[in-house]
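Remarks on the structure that follows.
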Amino acid sequence: MANSAGSKKRARQAIKSRAHNGSIRSMVRTYLKKVDAAIEAGNQTEAQAAYVLATSKLDKAADKGLYHKNKASRHKSRLSAKIKALA
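What the sequence shown shows, in this note's numbering, is residues 1 to 87, in sequence order.
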């Protein structure tokens, strides 16, 4: 349990940031699922459009430290390969 005023404040901030980070992670996962759904449907143009949005959200989350940059790159690479395989 936090004792000093500073540690109490950090505990409060941690709760807020955890909620905010969880929201952003959820949003990124939703965008990735939209790309996967378009790939499963076999719609390359829709998948490409969803991919552009998903990569933007993924890169922003990686810049904020929610994902490691290599993890973001790995997701983008694998999705891109799946989209190219549709052609």
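For each residue, glycine too, the CB sits at the ideal point set by N, CA and C.
Less than 7 Å between C-beta atoms, sequence neighbours within five positions excluded: which residues of the same chain meet that for T55? K76
Between which two residues does the alpha helix (DSSP H) harbouring N43 extend? Element bounds for N43: n/a, residue is neither H nor E.
Beta carbon of G42, beta carbon of L79: below 9 Å? no
Compute the distance between the beta-carbons of Y31 and L66, then report whether it is under 9 Å. No. Outside cutoff.
How long is the line joining the alpha carbons of K8 and A2, rounded to whole angstroms? 5 Å
Straight-line Cα distance separating K69 from I15: 24 Å
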